[in-house]
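In order, the protein sequence lines correspond to chains F and S.
Numbering follows the numbering used here, in which position 101 of the first sequence is assigned residue number 101; successive positions increment by one, without gaps.
Numbering follows the numbering used here, in which position 180 of the second sequence is assigned residue number 1180; successive positions increment by one, without gaps.
Ideal Cβ placement from N, Cα and C applies to all residues, glycine included.
Let me begin by presenting the structure, written as structure tokens, before commenting on it.
Protein chains: 2
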Amino acid sequence: MQRLPLYLQCLDGLAAGTSLISSEDLAAEAGVNSAKVRKDLSHLGSHGTRGVGYDVEHLRFQIQTELGLTKDRAVVIVGLGNLGRALANYDGFTERGFSIVGLFDADPRKIGDTVDDIEVEPMEALPAAVGERGAEIGIITTPARAAQEVASALADAGVRSILNFAPAVIHVGDDVEVRRVDLSTELQVLSFYLHRNE
Amino acid sequence: MQRLPLYLQCLDGLAAGTSLISSEDLAAEAGVNSAKVRKDLSHLGSHGTRGVGYDVEHLRFQIQTELGLTKDRAVVIVGLGNLGRALANYDGFTERGFSIVGLFDADPRKIGDTVDDIEVEPMEALPAAVGERGAEIGIITTPARAAQEVASALADAGVRSILNFAPAVIHVGDDVEVRRVDLSTELQVLSFYLHRNE
DNA sequence: ACATGTGAAGCGCTTCACAGCG
DNA sequence: CGCTGTGAAGCGCTTCACATGT
């Protein structure tokens, strides 16, 4: 089901006039097999029209519903180095229904800075802020050494989903979903493919 | 083989004195099954010692060799918005043997800016720069609408691996490896899990 | 005794191929 | 006639379990 956001992105990239799309065309756009597309979409009870294809607008709505994108999600970011600041300013989040409701950093010199009109708060303010503002997702953009402590703090505060950009593996309870995005890992995988063809 | 960078990261995170590690311990650290670790490591002819475990330093060397991390890789970044600038400044790249050899942007106002001591050049300079500086990897941090054009330009210039942060699906020839990192997609997947438990 | 390395079984995802429907 | 929806086959990854080696 990790492909649904990909499909959504493909639908967004379609020419403005397109109101119908076949599984074949969507598959080509997404770079996957068309049977896979049909199976994925059938899982959401998506009734396309046989002989015609899928209604783009309806499909978009169904995917958004399945992903729980119909309501806004409150997000906090911990660690306002270059990456944290870039994410705080990233329009793509707000455009897709993710509201940033808090920025936190352990460095006293950064407290009080404003990034994207939001004030940076100290770590001590995190637990209360998460509860009061209903934050469900935490983004970690700290150095590796701070990542585990921050993850635990987020989990304790009630955050149930963590997106970890720190180059460290973090461990939390089973009730918290963690996704790891490591920039160096991505380059290393590319390096592997380059190396393979040498 | 996408797990090798993860293992490498776990090895980096180990306490300083640790010179031996069992598949069980490494698996726990990485959050995977221990049989998987052994199978992965056996694929690189990694001879651990039965009854003892793996030599951490030797293992690290073997993984780095397998990933082709023994030589530096030259990287160019296209698109110097917030994210591009954050990546240009990201120490993790240089620490792991990836050298940034060029920064490019289509916006004339950004040309000549320096980011991390590197000057931003216009898109027209890309083809020659990639060839002269031996760039093998291109990072795309442009808006979605520019991503395809930039990807094609990179491929034409001779780049064989692309890391795409733009929220768009790009299409290139089979001789170019593309990895997609979409920040919104990550949040959408987390949203799905949140939604699932509601 | 203990941990690796690995056949073999298991499992889920992917792909095929076609029946069913518009 | 065209495209969806889906059983069934295929395929690769994961996991088990144990023989092997130190």
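- Around F/Ser34, the same chain offers Ser23, Glu24, Ala27 as residues with beta carbons nearer than 7 Å, after the five sequence neighbours per side are excluded.
- Residue burial annotation: S/Ser1184 is buried, with at least 16 other C-beta atoms found within 10 angstroms of its C-beta.
- By the criterion of a C-beta distance shorter than 7 Å, F/Thr18 is surrounded in its chain by Val56, once the five residues flanking it on both sides are discounted.
- Going by beta carbons, F/Ile170 and F/Val178 fall inside the 8 Å limit.
- Burial state of F/Gly51 is exposed, judged by a 10 Å Cβ sphere holding fewer than 16 other Cβ atoms.
- The beta carbon of F/Gly84 sits closer than 7 Å to the beta carbons of Ile77, Thr141 from its chain, once the five residues preceding and following it are set aside; these are given in chain order.
- If you check each beta-carbon in the stretch 1021 to 1037 of chain S against every beta-carbon of chain F, the ones closer than 8 Å belong to Glu1029, Ala1030, Gly1031.
- Against chain F, the beta carbon of S/His1195 has neighbours under 7 Å at Leu67, Gly68, listed in chain order.
- Neighbours of S/Arg1133 across chain F, judged by C-beta separation under 8 Å, do not exist; the nearest C-beta is about 15 Å away.
- Residues of chain S whose Cβ lies closer than 9 Å to the Cβ of F/Phe61 do not exist; the shortest such Cβ separation is about 15 Å.
- Here F/Asn33 carries a coil assignment [DSSP, helix/strand/coil].
- As the crow flies, the alpha-carbon of F/Leu154 is around 24 Å from that of S/Ala1086.
- Interface annotation, F/Val169: in contact with chain S, CB-CB separation under 8 Å.
- Distance from S/Ala1144 to S/Ala1168 at the Cβ level is roughly 4 Å; contact confirmed, criterion being Cβ atoms closer than 8 Å.
- Secondary structure in the stretch 52 to 99 of chain F: the alpha helix (DSSP H) runs of 4 residues or longer, each lying completely within the stretch, are 56 to 66, 82 to 89, 91 to 95 in chain order.
- Around the beta carbon of S/Lys1110, 16 or more other beta carbons lie within 10 angstroms, which makes this residue buried.
- Classified as exposed, F/Gln2 has fewer than 16 neighbouring CB atoms from the shown chains inside 10 Å of its CB.
- Interface residue (Cβ-Cβ distance to chain S less than 8 Å): F/Ser152 is not classified as such.
- Around S/Ile1118, no beta-carbon contact reaches into chain F at under 9 Å, the shortest distance being about 14 Å.
- Beta-bridge analysis with DSSP links F/Phe104 to F/Val78, F/Glu121.
- Taking 8 Å as the cut-off, the Cβ atoms of S/Arg1073 and S/Glu1119 do not count as close.
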